[in-house]
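In this note's numbering, each residue carries its 1-based index in the sequence shown increased by 1. Positions of the beta carbon are idealized from the N, C-alpha and C atoms, including for glycine. In this text the structure is predicted, and so the values were computed from the model without any measurement. Working notes for the structure below.
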Amino acid sequence: MLLICICDLVFSQTINIIPMPKKVEMGKGFFTMNDNIAIYYNDPQLEFLAGYTSATIKSLNNLNLAIKQADGVQHNSQVIYLLIDKKVKTAKEGYLLSVNPAAITIRAATSQGMFYGVQSLLQLIPVDGDRKIPALEIADEPRFSWRGLMLDVSRHFFTIAEVKRLIDQMVFYKFNILHLHLTDDQGWRLEIKKLPNLTKVGAWRVPRTGLWWDRDCPQDGEEATYGGFYTQEEIKDLVKYAAKRNVNILPEIDIPGHSLAAIAAYPWLSSSKNTFKVNPGCKFYGIDDNTLCAGKESTFEFLNTVLTEVAELFPFEYIHIGGDECYKGFWKKCEDCQKVMNDNGLKDEKELQSYFVKRLEKLLQGKGKKLMGWDEILEGGLAPNATVMSWRGMEGGIAATKANHHVVMSPNDFAYLDLYQGDPAIEPPTYSLLRLNKVYDFEPVPAGVDSAFILGGQGNLWTESVPTFRQAEYMFWPRSFALAEILWSPRSYRNWPDFISRTEVHLQRLLRADINYSRSFFDAIVTPTKDRSGNLLIQLSTEIEELTIYYTFDNTYPDHHSMLYIKGEKLSIPKDADTFRVITYREGKPIGRIITIPVVDLAKRIK
Ligand code: ACM
Numbered sequence: 002m003l004l005i006c007i008c009d010l011v012f013s014q015t016i017n018i019i020p021m022p023k024k025v026e027m028g029k030g031f032f033t034m035n036d037n038i039a040i041y042y043n044d045p046q047l048e049f050l051a052g053y054t055s056a057t058i059k060s061l062n063n064l065n066l067a068i069k070q071a072d073g074v075q076h077n078s079q080v081i082y083l084l085i086d087k088k089v090k091t092a093k094e095g096y097l098l099s100v101n102p103a104a105i106t107i108r109a110a111t112s113q114g115m116f117y118g119v120q121s122l123l124q125l126i127p128v129d130g131d132r133k134i135p136a137l138e139i140a141d142e143p144r145f146s147w148r149g150l151m152l153d154v155s156r157h158f159f160t161i162a163e164v165k166r167l168i169d170q171m172v173f174y175k176f177n178i179l180h181l182h183l184t185d186d187q188g189w190r191l192e193i194k195k196l197p198n199l200t201k202v203g204a205w206r207v208p209r210t211g212l213w214w215d216r217d218c219p220q221d222g223e224e225a226t227y228g229g230f231y232t233q234e235e236i237k238d239l240v241k242y243a244a245k246r247n248v249n250i251l252p253e254i255d256i257p258g259h260s261l262a263a264i265a266a267y268p269w270l271s272s273s274k275n276t277f278k279v280n281p282g283c284k285f286y287g288i289d290d291n292t293l294c295a296g297k298e299s300t301f302e303f304l305n306t307v308l309t310e311v312a313e314l315f316p317f318e319y320i321h322i323g324g325d326e327c328y329k330g331f332w333k334k335c336e337d338c339q340k341v342m343n344d345n346g347l348k349d350e351k352e353l354q355s356y357f358v359k360r361l362e363k364l365l366q367g368k369g370k371k372l373m374g375w376d377e378i379l380e381g382g383l384a385p386n387a388t389v390m391s392w393r394g395m396e397g398g399i400a401a402t403k404a405n406h407h408v409v410m411s412p413n414d415f416a417y418l419d420l421y422q423g424d425p426a427i428e429p430p431t432y433s434l435l436r437l438n439k440v441y442d443f444e445p446v447p448a449g450v451d452s453a454f455i456l457g458g459q460g461n462l463w464t465e466s467v468p469t470f471r472q473a474e475y476m477f478w479p480r481s482f483a484l485a486e487i488l489w490s491p492r493s494y495r496n497w498p499d500f501i502s503r504t505e506v507h508l509q510r511l512l513r514a515d516i517n518y519s520r521s522f523f524d525a526i527v528t529p530t531k532d533r534s535g536n537l538l539i540q541l542s543t544e545i546e547e548l549t550i551y552y553t554f555d556n557t558y559p560d561h562h563s564m565l566y567i568k569g570e571k572l573s574i575p576k577d578a579d580t581f582r583v584i585t586y587r588e589g590k591p592i593g594r595i596i597t598i599p600v601v602d603l604a605k606r607i608k
């Protein structure tokens with residue numbers, strides 16, 4: 002066992018695949034790519050994939066590879082084979098990839114497996130334009146079947162072209178679920194033919210920039226010009242695009258809370274029946290009524306209409322109904338809600354939410370769909386067959402597995418991609434911190450939990466502070482590399498230094514493809530503490546090994562002539578110093594960014 006692990010480490014120095022494949026054996030020599038190579042496939046269902054492979058190789062290495070369908074082995078000098086082979090014994094998404102000087106052969110029992118074999122092959126093509134692929138044998142399959150990323154398209158709107166671009170990026174790392182958070186207080190993004198106001202009104206809000214939650218609420222007479230929505234035709238096209246790339250789209254209609262955009266469109270949906278405007282990121286929670294009334298049949302008729310159209314548009318077996326952070330204050334004052342509670346013997350508003358979700362589960366089952374919700378759907382009693390997406394840590398997920406329910410783990414402390422990934426002094430404003438090394442420590446199966454109930458995990462990008470797709474990319478990468486490896490590779494393969502060396506190669510790929518990413522993991526980590534007398538001290542560290550840290554207190558910008566930080570040292574603040582600056586170097590060259598923090602702000606960071 003030990004030997005195998007050591008071998009894997011050595012191999013990974015020469016191949017830069019993320020996520021790390023389950024089994025790699027290096028061979029002798031190379032397969033050298035050139036324009037005369039053809040891609041042969043043995044099954045008509047692979048025609049798209051063969052074209053995709055050729056087009057991607059063209060974009061990576063400017064080679065033109067012909068594609069041909071053929072059953073038998075060819076005798077050209079060099080060939081890439083994509084062969085569906087029912088005898089291959091791997092998990093459904095597994096594949097075998099063989100490279101020798103004469104041929105590259107991918108065998109898989111399914112087109113999904115073949116798709117991932119192709120992704121590994123594409124990652125084997127050197128990023129620097131070299132055309133040599135090392136001889137090797139890979140046998141690979143995923144650890145989890147649910148490998149998801151979530152994009153919140155409500156808080157900020159992203160076009161179909163941008164969503165497709167995300168799909169292109171995520172499949173390179175073998176993600177297979179794209180969760181779209183389609184509705185929230187700040188925008189309804191899906192055309193529902195029978196309820197046109199949802200997008201006529203609910204998809205638009207007054208334009209604001211500035212810090213989320215500090216923005217001005219809509220003023221009387223102000224035009225709602227920021228927003229957008231997806232037509233049903235666009236969604237059909239997107240679903241097809243995703244399916245060809247082995248991605249299921251999980252639609253989320255977030256109810257009964259987080260529903261202000263729907264209520265702005267149809268005010269009768271709320272218990273208070275007041276009219277509200279779509280929220281542009283101003284404070285409103287508990288003030289404006291953003292909760293659907295759980296006491297009126299018309300609410301369920303509305304949801305039946307919405308979910309009928311959603312079920313027809315999205316072929317995935319799950320529909321996510323949200324269920325998180327539902328403010329129930331208006332239900333307390335609502336006669337209809339209180340009557341339903343009385344009639345059904347519900348002791349509090351949590352049980353009313355449970356009643357609401359259970360009704361939705363029945364409704365969805367009638368449409369052949371499974372219900373998924375955030376872990377708040379546990380409160381007041383879980384619907385009989387619900388699947389839980391655990392976000393407030395893992396506790397909700399653990400409780401659900403104990404009750405024999407399926408779970409997707411997306412805990413906010415390991416998988417929330419909207420959090421800072423480096424020092425808040427130099428990152429775009431958000432809240433709380435989730436560095437790359439912490440993501441890499443995520444383990445979706447907690448001790449004592451039956452792994453059979455854990456479908457997998459997911460990284461979530463909430464977009465309150467993500468106004469552009471460029472910024473979304475910055476938040477996804479490279480933290481989603483870490484998630485990809487956690488969700489695909491065997492648990493025993495975690496190896497931080499090795500992961501980082503592969504990450505650095507992949508950042509070059511992103512750079513070439515003009516995909517944005519964060520380099521925050523190269524920066525220093527600044528940790529203020531206090532001594533026994535209450536004096537401020539600073540400790541410095543880095544996420545990755547072999548970095549040198551230089552710092553200043555004298556208002557100059559640090560370089561390799563500045564003060565050298567000695568590992569473990571606690572720096573005291575020189576008298577009257579007002580600004581601390583720090584930078585990281587590697588092999589004599591700056592690699593991290595300069596972080597500038599006023600001393601008064603350092604003091605404030607200590608709780
Ligand atoms: C959530 O973050 N409210 C699911």
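- request: Return yes when at least one heavy atom of the ligand ACM lies under 7 Å from the C-beta of D451, else no.
  value: no
- prompt: Is there at least one non-hydrogen atom of the ligand ACM closer than 7 Å to the beta-carbon of W497?
  reply: no
message: Pop quiz: Q187 and R206 are said to be a contact at Cβ under 8 Å. What is the actual Cβ separation, rounded to whole angstroms?
response: 6 Å
task: With a threshold of 7 Å, establish whether the CB of D325 neighbours any heavy atom of the ligand ACM.
output: yes
message: Do K368 and Y426 have their beta-carbon atoms positioned less than 8 Å apart in this structure?
response: Here residue 426 turns out to be Ala, not Tyr, going by the sequence shown. Contact: no.
query: Measuring from the CB of W332, is there a heavy atom of the ligand ACM at a distance below 7 Å?
result: no
- request: For I7, name the three-state secondary structure that DSSP assigns.
  value: For I7, the predicted model reports a pLDDT of 40, less than 50, meaning its position is unreliable; a value from the coordinates is still stated below. Here I7 sits in helix by DSSP.
message: Please return the same chain residues whose Cβ sits closer than 7 Å to the Cβ of K245, not counting the five positions on each side in sequence.
response: F49
- prompt: K237 by DSSP, collapsed to three states: which one?
  reply: helix
- prompt: Who are the near neighbours of E465 in its chain, counting only those whose CB is closer than 6 Å to its CB and skipping five residues on each side?
  reply: R156 and W213
- request: Assign A416 to buried or exposed, taking buried as 16 or more other Cβ atoms, counted over all protein chains shown, within 10 Å of its Cβ.
  value: buried
- prompt: Does at least one heavy atom of the ligand ACM sit under 7 Å from the Cβ of W375?
  reply: yes
message: Let's see if you can read the secondary structure: which residues bound the beta strand (DSSP E) around Y417?
response: No beta strand (DSSP E) contains Y417, which DSSP labels as neither H nor E.
message: Among Y475, I322, W332 and H406, whose alpha-carbon lies nearest the alpha-carbon of P429?
response: Y475
- prompt: For the ligand MN, is there a heavy atom less than 7 Å away from the beta-carbon of E428?
  reply: The ligand MN is not among the ligands present in this structure, which contains only the ligand ACM.
- request: Only counting runs of 3 or more residues, tell me where the beta strand (DSSP E) segments fall wholly within the segment 452 to 502, in order along the chain.
  value: 455 to 462
query: Using a Cβ-Cβ cut-off of 6 Å (strictly less than) and excluding sequence neighbours within five positions of S521, which residues of its own chain qualify?
result: Q422 and G423
- request: Kindly provide the ranges of any beta strand (DSSP E) runs that are 3 or more residues long and lie completely inside the segment 59 to 146, ordered along the chain.
  value: 67 to 70, 80 to 85, 96 to 100, 104 to 109 and 133 to 141
- request: Starting from the Cα of T504, find the closest Cα among R492, D560 and R480 and give me that residue.
  value: R480
query: Does DSSP put F12 in a helix, in a strand, or in coil?
result: Any answer about F12 is weak, because its pLDDT of 44 lies below 50 and its placement is not dependable; what the coordinates show is given next. DSSP places F12 in helix when its eight states are reduced to three.
message: Using a Cβ distance threshold of 8 Å, determine whether the segment 159 to 174 contacts the segment 102 to 112, with at least three qualifying pairs required.
response: no
I392 Cβ short of 7 Å to the ligand ACM heavy atom set: In the sequence as presented, Ile is not what sits at residue 392; that position holds Trp. Yes, since a heavy atom of the ligand ACM falls inside the 7 Å radius drawn around the Cβ of W392.
message: For the beta strand (DSSP E) containing E253, name the first residue and the last one.
response: N249 to I256
query: Among P498, V450 and F145, which has the Cα closest to the Cα of A92?
result: F145
- request: For the beta strand (DSSP E) containing T300, list its first residue and its last residue.
  value: Careful: T300 lies outside any beta strand (DSSP E), inside the alpha helix (DSSP H) at E298 to L314.
- request: Would you mind listing the alpha helix (DSSP H) stretches within the segment 337 to 394 that are 4+ residues and don't spill past its ends, in chain order?
  value: 350 to 366
- prompt: Y96 and G118: beta carbons closer than 8 Å?
  reply: yes
message: Going by C-alpha to C-alpha distance, which of G52, L61, G211 and T15 sits closest to D129?
response: L61
- prompt: Going along the chain, which unbroken runs of the beta strand (DSSP E) with 3 or more residues stay wholly within the segment 538 to 600?
  reply: 549 to 553, 580 to 587 and 596 to 599
message: Taking the straight line between their C-alpha atoms, what separation do you get for G323 and V408?
response: 14 Å
query: M171 lies in the alpha helix (DSSP H); which residues open and close that run?
result: I161 to F173
query: Going by beta carbon distance, what residues of the same chain come within less than 7 Å of V154, once the five residues before and after it are set aside?
result: L181, H182, L183 and R190
message: Within the continuous alpha helix (DSSP H) that includes E396, where are the two ends?
response: E396 to K403
task: Indicate whether the contact test is met: 3 or more Cβ pairs, each with one atom in the segment 391 to 407 and one in the segment 446 to 464, closer than 8 Å.
output: yes
task: Sort R513, S563 and L572 by Cα distance to N536 and report the nearest one.
output: L572
- prompt: Nearest chain B C-beta to L541 closer than 8 Å, yes or no?
  reply: Reference to chain B is not applicable here, since this structure consists of a single protein chain.
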